[in-house]
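Data block below; observations after.
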Amino acid sequence: MATPSDKPPGSEEFALPPDVRRRRLWQYFRPYLKWFLAGSVFLVLTNLATLSIPQYLGDAVQLLRETVGAPGDFDTSAVRSEVITASIIIIALAIGAAVARIFSRITIFNAGRYIEFDVRNALYDHLAKLSPAFYGATPTGDLTSRTTNDVTYVRLLYALPFLHIVNTLVAYSIALTRMVGVDWRLTLACILPYPFLLFGLRRVMYALFTQTKVVQAKLSDLSTHIQENLSGIDVVKSYVLEQRECEHYGEENETYFQENLKLAKIRALMNALIILIASTGTLVVLIVGSRFVIDGSMNLGEFVEFNGYIVALVPPTIALGWVFAIYHRGIAAFDRVSELLEHEPQLQDPDDPGSLPEPSGQHVGEIVFDDVSFSYDGDDAALKDVSLTIPAGSTAAIVGKTGSGKSTLVRLIARMYDPDEGEIRIDGVPVDRIPLRDLRCEIGFVPQEPFLFSMTVGQNMRFGLDSLAYDSTLDKALPDEPLLGDESFEGALTQRDRIQEAIDIAALRGDIDGFREGLETLVGERGVTLSGGQKQRVTIARALLVNPRILILDDALASVDTHTERRILHQLDTIMQGRTSIMLTHRFNALTEVDKIFVLDDGRIVEQGTHGELIEQNGVYAQMYQRQKLREQYDQ
Amino acid sequence: MSDTDSTTESDASNGSTDRKDKGGAAIGSGFQERKLGKFADTALVRRLWKYMRPYRWLFVVCLLLLPAVSAVSLVQPWMLQIAIDDYLIPGEFDGLWFIMVVYAGTVVGHAFLTYWQQYLMKYAGNLALRDLRQDIFDHVQQLASSFFKKTPVGRLMTRMTTDTENLEEALSSGLVTMAGDLLTVFAIVVILMVVNWQLALASFIVVPFLIGFTAVLRYFLRKAYRTVRTKIARLYAHLQESITGMDVIQLFVREKVSRDEYSDINAEYRDANIRAIRWDAILYAVIEAAGSITIGAILWYGSGQALEGIVTLGVLVAFIEYMQKFFKPIRNLAEKYNLLQNAMASSERIFELLDTDEIIESPADPEPLPQRPYRIEFRDVHFSYTDDETVLDGLNFEIEPCERVALVGHTGAGKSTVINLLTRLYDIDDGQILINGRDIRNFDIHQLRSQFAVVLQDVFLFRGTILENLTLGDDSVPFDRVREAAEMVYADELINSLPGGYEFELAERGSNLSSGEKQLLAFARALILDPEVLVLDEATANVDTDTEALIQKAIERLLAHQTSLVVAHRLSTIQSADRILVLDDGQLVEQGSHDELMELGGHYARLVQLQYATTASTGGEDGFIEPLDHDD
Ligand SMILES: Nc1ncnc2c1ncn2[C@@H]1O[C@H](COP(=O)(O)OP(=O)(O)OP(=O)(O)O)[C@@H](O)[C@H]1O
Ligand SMILES: Nc1ncnc2c1ncn2[C@@H]1O[C@H](COP(=O)(O)OP(=O)(O)O)[C@@H](O)[C@H]1O
Ligand SMILES: [Mg+2]
Ligand SMILES: [Mg+2]
C-alpha cells in the first residue's frame, strides 16, 4: 500500500482507501468501546426519563381538568395528593435524568479525549521514526497543523457525533414505533421520500467533504507561513521584509477566508436541505393524512397525534446536519493525520538484526565504505563510488570544497540516509543490519549547524545521557568512566562530574561561569540566546558525554576562535584515543596529527593518506594546504 | 462579574514520573507561561467587538433573521390548525390544496431563510476573524527580536492558529445566537409577568439559584479552560521543537524519552480537559433539569391554587407551556456557554499577545538619514541581554567611511552583539551609536536597517526558489545583478549545477543545500542589495578556504567604496582589513592594522602566533604548543 517514499504529504492527492480508514478509525475507537457503550446506556436512560415526564404531566393536567371542571364536591385532597405525587415523580425523573446526563456526557466526552490522547501519542511515535529525508521535504508548519488542528477535529469526530446519533436514534425509534402503532400506511408514506432526498444530500455532503479538506489545507498553508516567518524573523527584520511578509500573509489569509466562505455556503446549503427533509414528513402527513381523515380511514385524534410525532422528529433531524459537518471535518482531518501515519519510515530496522560486537580490547569502531553511491533526490549524486576504511580507534579527517559531500558521507555513517549502492560496515557489520537505535547509541554526532533545544544549558548537554538513563529499551549502559580515559581510574564517576569534565574539554568553563545561572541558564529555541561558538561547544559536550564508539565532528569548530579551537583540539586528542573519530574541517592547521585524511571532490575520494604523505604526493590537498598557508602567512 | 483571579501556570510543573524527579527535562520546558486572567470578560468582549464593529450591520441582519426563521416555522402549526378546524372536521376537501401550498411555502421559506441566516453569520464571523488574524500577524512583525528569543515558535503559533480558530464558533454563531436566546428569554419573562405575575415570580424562583450556580461553575470552567490553553501551548511547543530538531533527537536516540515527555504533557492536557468536561456536564445537566423541576414545582404549587380556584386551569397549563419554552433558550445558552468560556480563554491569550509592546520604537518624527558616506561610531556603549550579564561594557570605536574593519575576539566576546545593536535588533542600555554624529535612534528604523546588508551568523533561507531568495521577492531586481552577485561569491557555478538553476526549489531553511552553499547564497543575497554598509558575521565560516579567498578578492575589488564590518576567525580573512578591532570583556582592547597589532604584541599577535605555530609544525610529533589563556 504505502510505499516508503519521501514525498511530502499533500504533494499529491492523497485518498485514504475506505477500508484502511475504517480500520484505523476502529483501531482508536476499540479501546474505549466500553465507555461508549456505557455512555449510550446513560443516554438511553436520560431519554427515557425525560420522555416520560410529559406523560405524567399530561395525566396530572388531565386529572386537574376533570376535577376542576366537574360539578359536585370531589375529594379534592385525594386529587391534590395524586397531583403532588405526579410532581414529585416529575422532579425525581428530572433529577434522575440529570444524573444520567452528567454520566453520559462525562463518559463519552472523556472517551473522546482519551482517543485524542492516543492519536497524539501515536503521531509523535510515528514522527520519531520518520527519516531526515521526510523532514527535509515537509514544511514544519504543515506537520504542525496536521498534528495540532487536525487531531482536534478527529477528536470531535468521535464524541459529539456519537452523542447525537444515539440521541437521534432513540428519538427516532420511539417516534417510529408510536407512528407505526397509529397508522402504518401513513408511516410508510412519510418514509417514502427519504431515500430520494438523502440521495440529493449525498452530493452536498461530498462537496462538504472536499471543501473541508481544502480549508484544512489552507490552514496548513497559513501555519507554514507563520512558522517560517517566525523562525526567520531576524532576517525579516534585517532586510526590512515586514511589509512584504504582512502582504503575503494577507493574501493567504484572504484565500483562507474565501475558502471558508465556500465551506460556509455548502454547510448552510446542507442545513437548508436537511430542514426540507425534516419538514417533508409533516407535509406528507398534511397531504396524505388529511385524505385518510376525510375518507374516514383515520380519526382526527390519530391525525393530530401522528403529526405530533413527526414534528418532534424535526429538531433531532436538523441537529444531524451539524453532526454531518463535524463528521466530515473529522474524516477529512483524519485522512490528513492518517497520511502521516501511513507514511512508512524509510529507514527500517533490519528483520534479522545483527549486533555490534562487544567492545573487545582497546579499539572499536572500524568504519568501512564499500563502493558507496548516494544521491538525495535521485539524479544528482552527492557521493560516487566512495570506498574507504577508517581503522578502529584512529582519527580521520575529511576535507574538500564546499558541497563536495563531506557532511553527506558522515550522515550515512549515522544512517540518517541509506546509500543507493554499496555497503557501509561498522566493525564488520553492515549498518543496515544493526538496529538503528543501537547504531546511533555508539555515534557521537556534532552536526555542522548546532541545534539546541529550549532547555537549560545543562539539560542540553545531557540530552543524550537522558536517553541512556531513562530509556529501558536501550542496551547501552549509562557511561560512568571519565571522559579523558584515565587508565588508572577505578570506580564510577557521577554524571555531574562527567558534565564538569565535558565543560572543560569543550572549553566552556569561562562561558558557563560567565552566566549567572551557570548550567541552569536557559537557551532559546535552537539555542538562539547563545553565541555561535558557544552553541557549537555545547553540542560537542553533548556528543562527548554519551561516550560514543565513533565521534563525528562536522565542521564543529567553525564558529570558534583559533585560540579556543586549539584548546579544544588539544583535549580532544586525548578523548579520541580508543575511539574512532572523524573530523570534517576547512582549517587544515588541525590536520597534522590526524591518522588519515580523505580528500573529497564532487562526491569522490580523490586522495587519501596522512598529512605528510599527501604533502609528498603534491596533489590537490598539498596545493590547497600551501595556498592556505601562504594566505595566512603572507604578512609574516 | 469581573475576573481577577489569576493562574500562573508554571510549565516546569512537578509531575511524578521518575524521569522528572531525576532532573530530566522536557524539550521546550524552558519557558514560563505568563500570567493570565488580567482581563475582565467585559473587556474581552469589548475588544472582540472592535473586530465585529465594521461588520455590525451584518451581525444585526443575522440577529433579525433569527426571529424570522422561528416565525416562518411557527406558521406551520397555524396552517395545521386551520386545516383541522376548517377542512378536516367539516370533511371539506376543496380549498385544502391552498393550505397545503402555503404550508409547503413555509417549509421552503424556512429552509431559505435558514440558509441565509447561517451563511451570513459565518460570513460576518469570518470577516471579523480575518481582520483579527491579520492584526495579530502585523503586530507580531513589529515585536522586537528579544521577544522571539524567549518565546518558542510553537507557542506563538498556537496563539496565531489554534487560539484564533477557537474563536471562530464564538464569533460566527455563538454571540449572535446567544443574543437571540437572551431576547427570547426576555420576551417570555415579560409575557409571563403580564399574564400572572405572582405565579410568574413563583416560577422564576429557580432562576437566582441558577444564576448563582452558573457563576460558581463559570469560575471553575474558566479556570479549567485556562489550564487547557496553557497545556496546549506547552504541548504544541514541545511538538514544534521536536519536529524541527528531530534529527538531533534521533541521533541521540532520545525518541522514547522525548515521547514520554510529550505523553506526560499530553496527559496533563487531557486531564485538564476532563476537568472542564466535568464542570460542563454538571452545568448542562443542571440547567436541563431546572426546567423540568420548575414544571414539577408549578404543578405542585399551582394545583393547590387551581383546586381552590385562585388561578384558572388554563393559566396553569399555559404557564407550564411557557416555562418549557422559557428553558429551551436557556438550555441553548448553557450549551453555548461552554463554547464561550473556551473562546474567552483563547481570546485572553490572543489579546495578551496583542498587548505585548516589546517593540523597538521608531521615533515619531524621524530625522532623514544623513548624507553618505557614513561614519559610524560606538560611544561608550553598554549593553546586556539579560539584566545581570554585561556583554558590552563601555565599547568605543569608530568606522570611517569606506573603511574595511574586522572585528575579532574569542567566542562570546560580543561580536554578533555589536552587529545586532548597529541594526537596532536590540537597543543599547547606555551610551550612543552614531552615524555621522547622529544617534541612530533618531532615524526611521526601517530606513536605518536598509542601509545595512547583514549576513547573519545563522543563515536563514526561505522556502522557494533560489532566485526568490536572492532577490528577497523583489521582482524589480534585474537578473544580471543577481547573477553578478552570485558570481562574486562563486555561487553561480554551484547554482547552475543544481537542477533548475536559479529556479531550484529550496526546502525549509534551505536544508537541501550544504552549509557552505547556504552561506554563499546568504552572502550573495546581501551583495545584491548594494548597501552602504556591508556587515558580515562569520559569513564564510563553513566555506572552504579557497573559495573564501576568491570571494575576498572579488569583494575587495568591487566594494572598494563601501564600508564593511567583518567578523571572522580565519586569519586570512582578517589580515587584509584596513583596521582590526579586538574585542575582549565587552571592551575594545586593541585596534590597528595587522602590522601595527603584530608589533604591539598583544592579544592579536598571540592569536596569530598560535595559528602560525600550528600551521608550521607539519607532521611534528607534538605540534601543539600549550595553549595560552585568553582571559588574563
Ligand atoms: N538534505 C539535502 N537534500 C538534498 N541535497 C542535499 C542535502 N544536503 C546536501 N545536499 C547536496 O549534496 C551535496 C553535498 O552536500 P554536503 O552537505 O555533504 O556538502 P559538504 O561537503 O558538507 O559542504 P560544506 O563544506 O559546505 O559543509 C551538495 O551539492 C548539496 O547541495
Ligand atoms: N539573544 C540573547 N539573549 C541573551 N544572551 C545572549 C543573546 N545573544 C547572545 N547572548 C550572549 O551574549 C554574549 C555575546 O554573544 P555574541 O555577541 O553572539 O558573541 P560572538 O562574539 O561570539 O558573536 C554571549 O555570552 C551570549 O551567550
Ligand atoms: Mg557540510
Ligand atoms: Mg557570533
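Those sequence lines, one after another, are chains A and B.
In terms of this note's numbering, the first sequence opens at residue 109 and continues consecutively.
In terms of this note's numbering, the second sequence opens at residue 376 and continues consecutively.
The beta-carbon is built from N, C-alpha and C at its ideal position, and this holds for glycine as well.
Quick caveat, the model's predicted, so the values are computed rather than measured.
Verify the contact flag: residue i, CB atom, against every heavy atom of ligand 4, threshold strictly below 7 Å.
| i | result |
| --- | --- |
| A:Gly640 | yes |
| B:Glu913 | yes |
| B:Gln832 | yes |
Starting from residue i, trace the alpha helix (DSSP H) both ways and give me its first and last residue.
| i | result |
| --- | --- |
| A:Arg606 | Gln603 to Ile613 |
| B:Asp655 | Glu630 to Leu682 |
| B:His757 | Run containing B:His757: none in the alpha helix (DSSP H); it sits in the beta strand (DSSP E), Ile751 to Phe758. |
| B:Gln832 | B:Gln832 -> no alpha helix (DSSP H), and no H or E assigned at all. |
| A:Ser281 | Val259 to Val290 |
| B:Ser521 | Ser520 to Lys525 |
Identify the continuous beta strand (DSSP E) that holds residue i and give its terminal residues.
| i | result |
| --- | --- |
| A:Lys492 | Ala489 to Ile498 |
| B:Ser939 | Thr938 to Val942 |
| B:Asn1009 | Nothing about residue 1009 of chain B can be read from this structure; chain B reaches only from 376 to 1007. |
| B:Asp959 | Arg954 to Asp959 |
| A:Glu633 | First-last for A:Glu633: undefined, no H or E at that position. |
| A:Glu557 | Unbroken run through A:Glu557: none, as it is neither H nor E. |
Nearest-angstrom Cα distance between residue i and residue j?
| i | j | result |
| --- | --- | --- |
| A:Leu738 | B:Ser947 | 9 Å |
| B:Phe588 | A:Thr154 | 22 Å |
| B:Val957 | B:Leu982 | 11 Å |
| B:Gly398 | B:Asp912 | With a pLDDT of only 42 at B:Gly398, under the threshold of 50, the placement of this residue in the model should not be trusted; the figure read from the coordinates follows. B:Gly398 and B:Asp912: Cα-Cα distance of roughly 36 Å. |
| A:Gly727 | B:Ala860 | 31 Å |
| B:Gly998 | A:Asp478 | Confidence at B:Gly998 is low in this model, with a pLDDT of 33, below 50, so its placement is unreliable and the value that follows should be read with caution. Those two C-alpha atoms are separated by around 33 Å. |
| A:His678 | A:Ser502 | 16 Å |
| B:Asp396 | A:Tyr578 | Residue placement at B:Asp396 is flagged as unreliable, the pLDDT there being 43, under the threshold of 50; the coordinate-derived value follows with that caveat. Their backbone Cα atoms lie some 11 Å apart in a straight line. |
| B:Ile662 | B:Phe579 | 13 Å |
| B:Ala929 | A:Glu362 | 45 Å |
| A:Gln335 | A:Gly626 | 31 Å |
| A:Thr647 | A:Ala614 | 9 Å |
| B:Ile820 | B:Ile735 | 8 Å |
| A:Val323 | B:Trp424 | 25 Å |
| A:Ser405 | A:Ala372 | 46 Å |
| A:Ile395 | B:Leu488 | 24 Å |
Within the present structure, is the beta-carbon of residue i separated from the nearest heavy atom of ligand 3 by less than 7 Å?
| i | result |
| --- | --- |
| B:Lys790 | no |
| B:Asp768 | no |
| A:Ser446 | no |
Look up residue i in the DSSP assignment and give the residues it is bridged to.
| i | result |
| --- | --- |
| A:Pro538 | A:Arg533 |
| A:Ser689 | A:Thr503 and A:Leu659 |
| B:Glu742 | B:Phe818 |
| B:Gly470 | According to DSSP, which records beta bridges pairwise, B:Gly470 is partnered with nothing at all. |
| B:Asp538 | None, per the DSSP bridge assignment. |
| A:Gly552 | A:Leu659 |
| B:Ile808 | B:Phe753 |
| A:Lys704 | A:Ala504 |
With a threshold of 7 Å, establish whether the CB of residue i neighbours any heavy atom of ligand 2.
| i | result |
| --- | --- |
| B:Val910 | no |
| B:Tyr979 | no |
| B:Lys524 | yes |
Cβ of residue i within 7 Å of any heavy atom in ligand 1?
| i | result |
| --- | --- |
| A:Gln556 | yes |
| A:Ala490 | yes |
| B:Asp867 | no |
| A:Tyr484 | yes |
Note down, in chain order, every chain E residue with its Cβ under 8 Å from the Cβ of residue i.
| i | result |
| --- | --- |
| A:Phe477 | Protein chains in the displayed structure are A and B, and chain E is not among them. |
- In chain order, which continuous runs of the alpha helix (DSSP H) of length 4 or greater are located wholly inside the region 862 to 945 of chain B? DSSP runs (the alpha helix (DSSP H)) wholly in the region 862 to 945 of chain B: 867 to 872, 890 to 903 and 920 to 933.
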